[in-house]
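In the numbering used here, the protein residues as written are 21 to 348. Glycine included, every Cβ here is placed at the ideal spot set by N, Cα and C. Predicted, not measured: the structure shown is a model, and the values here were computed from it. Structure, as structure tokens:
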Ligand SMILES: C[S@@+](CC[C@H](N)C(=O)[O-])C[C@H]1O[C@@H](n2cnc3c(N)ncnc32)[C@H](O)[C@@H]1O
């Protein structure tokens, strides 16, 4: 019954009804928390040889709790943390009578993490749609290095703000150009505090690497090499440029910021087209989300399926079907 309890609680908070919320197709981000949690288990099982049974897992930014629940059901001993007390309330309601999970209100980038958990106490840390919400990536990753066992690993999924799709319409606010603007410019278009920080994948790779988590295994969940030829990307860049040229906004300072952001984005794209491999360009701009693992060198992190090495990013797996992974 716990999921129903969570839906009731959430529905009351957003002044809706459980029926209305569950009727939406596809389910909204909060309502799909359990389904997305199950999908994570499948993705991990398809990609590497990892059994959650007995693993000590930390779900950072656990929000509605679905991922924590899925990993607990798969046999892991799970702790979930979130900076928001409201989210922890939802997660607890969701897990009630379903899974034994320890939930805490905690800022993952604060030193309080080290007062709450022992050094080396996790085998697996999940950052699902979380990296883009944490300003201080370095303090976060320093904490993860402290929390992870010698053979531990981090699984992450983060939106790619520099895919033309998200430049055209930012994933949270659906506004053109937000992702190429620094968050302190967002107030021109969106009145609230941003708390979303788009960074290139190389930003995260550099910081994880600095803290010893230099082994990367990226997952091509979206089959980007088949789906996103350079021609399509170039067409989207043209569309972005045309939109920026014809932009209507009363504030000339904002217009300048946005045009500068778009120009910088366009120049980087064409520089990459001229100076890097087609696969690099496809992966860097064609991916809507980046998904994968960070781990220390001592961790066994071998893909079950075939991989390709992309200069500048590292090893990227091909997406395998569930049957192929089971047979591997
Ligand atoms: C987009 S939600 C993702 C929730 C969940 N992982 C999922 O995929 O459904 C981002 C979550 O990160 C949490 N968060 C943001 N900054 C945080 C921080 N410094 N420490 C812990 N959690 C944080 C937010 O409160 C929010 O619940």
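Near ligand 1: residue i beta-carbon under 6 Å from a heavy atom
| i | result |
| --- | --- |
| residue 150 | yes |
| residue 81 | yes |
| residue 22 | no |
| residue 240 | no |
| residue 104 | yes |
| residue 192 | no |
| residue 48 | no |
| residue 127 | yes |
| residue 108 | no |
| residue 153 | yes |
Under 7 Å between C-beta atoms of residue i and residue j
| i | j | result |
| --- | --- | --- |
| residue 189 | residue 156 | no |
| residue 147 | residue 77 | no |
| residue 308 | residue 193 | no |
| residue 318 | residue 170 | yes |
| residue 110 | residue 26 | yes |
| residue 235 | residue 321 | yes |
| residue 112 | residue 123 | yes |
| residue 305 | residue 253 | yes |
| residue 133 | residue 105 | no |
Other residues of its chain near residue i: CB distance less than 7 Å, five sequence neighbours each side excluded
| i | result |
| --- | --- |
| residue 278 | 197, 201, 264 and 267 |
| residue 98 | 77, 79, 88, 91, 92 and 121 |
| residue 34 | none |
| residue 187 | 197, 199, 200, 260 and 285 |
| residue 232 | 165 and 316 |
| residue 141 | 76 and 167 |
| residue 203 | 214, 216 and 217 |
| residue 334 | 236 and 238 |
| residue 303 | 244, 330, 333 and 336 |
Whole-number beta carbon distance between residue j and residue i, since they are thought to touch under 8 Å
| i | j | result |
| --- | --- | --- |
| residue 195 | residue 210 | 6 Å |
| residue 114 | residue 86 | 7 Å |
| residue 144 | residue 175 | 7 Å |
| residue 118 | residue 22 | 5 Å |
| residue 298 | residue 256 | With 8 Å as the limit, residue 298 and residue 256 do not qualify as a contact, their Cβ atoms being about 16 Å apart. |
| residue 228 | residue 161 | 6 Å |
| residue 72 | residue 95 | 5 Å |
Contact set for residue i: own chain, Cβ-Cβ below 6 Å, skip 5 residues either direction
| i | result |
| --- | --- |
| residue 348 | For residue 348, the predicted model reports a pLDDT of 49, less than 50, meaning its position is unreliable and no value from the coordinates is stated. |
| residue 37 | 31 |
| residue 332 | 300 |
| residue 40 | none |
| residue 328 | 336 |
| residue 181 | 199 and 218 |
| residue 221 | 310 |
| residue 28 | 38 |
| residue 293 | 301 |
Heavy atom of ligand 3 within 6 Å of residue i beta-carbon
| i | result |
| --- | --- |
| residue 227 | You won't find ligand 3 in this model; what it holds is ligand 1. |
Residue i - partner residues in DSSP beta bridges
| i | result |
| --- | --- |
| residue 193 | None, per the DSSP bridge assignment. |
| residue 179 | 309 |
| residue 79 | 100 and 146 |
| residue 328 | 336 |
| residue 314 | 174 and 236 |
| residue 123 | 100 |
| residue 68 | 323 |
| residue 160 | Residue 160 pairs with nothing; no bridge assigned. |
| residue 168 | 142 |
Neighbourhood of residue i by C-beta distance below 8 Å, restricted to the same chain and skipping five residues each side
| i | result |
| --- | --- |
| residue 149 | 81, 177, 178 and 179 |
| residue 137 | 78, 99 and 167 |
| residue 282 | 187, 197, 200, 260, 261 and 264 |
| residue 54 | 23, 86, 89, 90 and 114 |
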